[in-house]
Amino acid sequence: MRPVARPAVVPLSFAQQRLWFLEQLQGRPRFTTWGGVAAVWAAGCGGVGGGAF
3 MRPVARPAVV
13 PLSFAQQRLW
23 FLEQLQGRPR
33 FTTWGGVAAV
43 WAAGCGGVGG
53 GAF
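Take 3 as the starting number for the sequence shown in the numbering used here and just add one per residue.
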């Protein structure tokens, strides 16, 4: 693979444009967290074994 020349400003993807739009709609730009982390502990899954959910 060879490096290619890129424009100074790379356009946003459609998903990035949507997130920007939603941030603007919310009225608080730059204070929204996208991509937060969540953890869930499942105990006693009714006999499901080996991590096959």
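Note that CB positions come from ideal geometry on N, CA and C, so glycine has one too.
Cβ neighbours of R20 within its own chain (closer than 6 Å, five residues either side excluded): none. DSSP, read as helix, strand or coil, puts A17 in helix. Residue state for W43 is assigned as coil, using DSSP reduced to three classes.
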